[in-house]
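One structure is given below, encoded as structure tokens.
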Amino acid sequence: MDGSLITVLLLAALAVIALSVFFTFVPVMLWISALASGVRVGIITLVAMRLRRVIPSRIVNPMIKATKAGLGLTINQLESHFLAGGNVDRVVNALIAAHRANIHLEFERAAAIDLAGRDVLQAVQMSVNPKVIETPTVSAVAKDGIEVKVIARVTVRANIERLVGGAGEETIIARVGEGIVTTVGSAGSHKEVLENPDLISRTVLGKGLDAGTAFEILSIDIADVDVGKNIGAHLQTEQAEADKRIAQAKAEERRAMAVAQEQEMKARVVEMKAKVVEAESEVPLAMAEALRDGKMGVMDYMNLKNIDADTQMRSNLGRMNEPGKDGEDA
């Protein structure tokens, strides 16, 4: 194989490699698709996107859809939104859906909604087709103490003007639940709520619960109303039980005080008996001293002993005549 043939093969290989690198870096097919769709974008613009680390297909393909839909968007708008971290394809789809539904939605607002973390396409779809939000079971107590369990279905429509900075579905559910509790709580009887469930709907709907939210409440429908526990009777029972425990505690306190007082009285009785025994022990000493001093004679002492013996005999006779003593029955 001569040198000229080797040179031709090398040049051909280098040309193939160069063309591969060129077509890889420069999206020629994408440029041709854009031209065929009526989108005026230059090769240099596509190369500049590569240099700015922008995927050209993420810009050109949505631009083709926007042009075909008649939206007056520019490459710079889409590229700036992509560089800001937004989803260009979703924003363009939302603009096309809004245009078809005759909803006024500008690109800047759609981009702001997308950058705020909300699904702008879903918001547009919800503006056309309202969404039904079902609340969990809300328990409320009427004035007669009966618990009422309510489930409501809230029909909402997305408000695109308040989508940026507006509260979400959780706020709607919380406000509706609060309105249900207020309405049921102000009812004189649970029967009023059961007879007129639309009373809840009218009252809650008239409170303007969608203020400051990203939605517009169209209707509030009561899906289910059920009677729960008798909360009033339950609370009264618990109160009575608590009063009973308090009374028992006070009675136990009085009993303990009475027992303590009884023990104190017993201690005082024992103390008095001790004093009596002490006093009786001084009697013989006093009598002995009186005999020594001549203040008391022997006959006086004998008369005193006779009186004491007579008293003990009468006491014994009295105990013998008591019922149940010495074999006698009551």
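This note's numbering puts the first residue of the sequence shown at 686, with every later residue one more than the last. All C-beta atoms in this analysis are idealised placements derived from N, C-alpha and C, irrespective of residue type, glycine included.
In angstroms with no decimal places, state the Cα-to-Cα distance between MET1005 and ILE992.
So the alpha carbons of these two residues sit roughly 20 Å apart.
Could you say which of SER966, GLU877, PHE900 and ALA925 lies nearest to ASP911 if we only look at CA atoms?
Checked all of SER966, GLU877, PHE900 and ALA925; the closest Cα to ASP911 is GLU877.
Beta-carbon proximity list for LEU890, same chain, < 8 Å, skipping 5 on both sides:
Non-local beta-carbon contacts of LEU890 in its own chain, meaning distances under 8 Å to residues more than five positions away in sequence, involve ILE902, SER904 and ILE905 in chain order.
Which of helix, strand or coil DSSP assigns to ALA943:
Reduced to three states, the DSSP call for ALA943 is helix.
Are the Cβ atoms of LYS914 and GLU832 separated by less than 7 Å?
In contact: LYS914 and GLU832 (Cβ atoms closer than 7 Å).
Per DSSP, ILE831 forms a beta bridge with which residues?
ILE831 pairs with ASN915.
Just the Cα atoms here: how many angstroms apart are GLU1013 and ASP995?
Residue placement at GLU1013 cannot be trusted, given a pLDDT of 47 that sits under 50; what the coordinates show is reported in the next sentence. Their backbone Cα atoms lie some 24 Å apart in a straight line.
Report, in whole angstroms, the separation of the C-beta atoms of HIS784 and VAL776, which I expect to be a contact under 8 Å.
Contact between HIS784 and VAL776 is ruled out by a C-beta separation of about 13 Å, above the 8 Å threshold.
Stretch pair the stretch 793-810 + the stretch 878-887: three plus CB contacts closer than 8 Å
Cβ pair count under 8 Å is below three, so no.
As assigned by DSSP and simplified to three states, the class of ILE905:
Note: ILE905 maps to strand in three-state DSSP.
Throw me the rounded Cβ distance for the ARG838 and GLU854 pair, which I believe falls under 8 Å.
Not confirmed; about 13 Å, so no contact.
Rounded to a whole number of angstroms, what is the C-alpha to C-alpha distance between GLY897 and ILE857?
If you take the alpha carbons of GLY897 and ILE857, they lie about 10 Å apart.
By the three-class DSSP mapping on this structure, what secondary structure does VAL726 have?
When DSSP states are grouped into helix, strand and coil, VAL726 belongs to the coil group.
What are the start and end residues of the alpha helix (DSSP H) that includes ALA872?
Where ALA872 is concerned, there is no enclosing alpha helix (DSSP H), given that its DSSP letter is neither H nor E.
I'd like to know whether the C-beta atoms of ILE798 and VAL849 end up nearer to each other than 7 Å.
Cβ distance < 7 Å, so ILE798 and VAL849 count as in contact.
Output the distance between the C-alpha atoms of VAL809 and LEU894, rounded to the nearest integer angstrom.
If you draw a straight line from the Cα of VAL809 to the Cα of LEU894, it is about 21 Å long.
Hey, could you find the ends of the beta strand (DSSP E) ILE818 is sitting in?
Per DSSP, ILE818 belongs to the beta strand (DSSP E) from 816-819.
For the stretch 861-880 against the stretch 821-829, do three or more pairs of beta-carbon atoms, one drawn from each stretch, fall closer than 8 Å, so that the two count as touching?
Judged by Cβ distances under 8 Å, the stretch 861-880 makes contact with the stretch 821-829, as three or more pairs qualify.
Given this structure, state the Cα-to-Cα distance separating ILE744 from LEU763, to the nearest angstrom.
One C-alpha to the other measures close to 6 Å.
Look at the Cβ atom of GLY771, then the Cβ atom of ALA796, and state whether they are nearer than 7 Å.
Contact flag set, yes.
Alpha-carbon spacing of ALA733 relative to VAL817, whole angstroms
The alpha-carbon atoms of ALA733 and VAL817 are separated by roughly 47 Å.
Quick one, are the C-beta atoms of LYS892 and GLY862 less than 7 Å apart?
Annotated as distal: LYS892 and GLY862, with beta-carbon spacing of 7 Å or more.
Assuming ALA859 and PHE900 make a contact with CB atoms under 8 Å, what is their CB distance in whole Å?
About 13 Å; that fails the 8 Å criterion.
Using DSSP with H/G/I as helix, E/B as strand and the rest coil, what is THR822?
THR822: coil per DSSP, three-state reduction.
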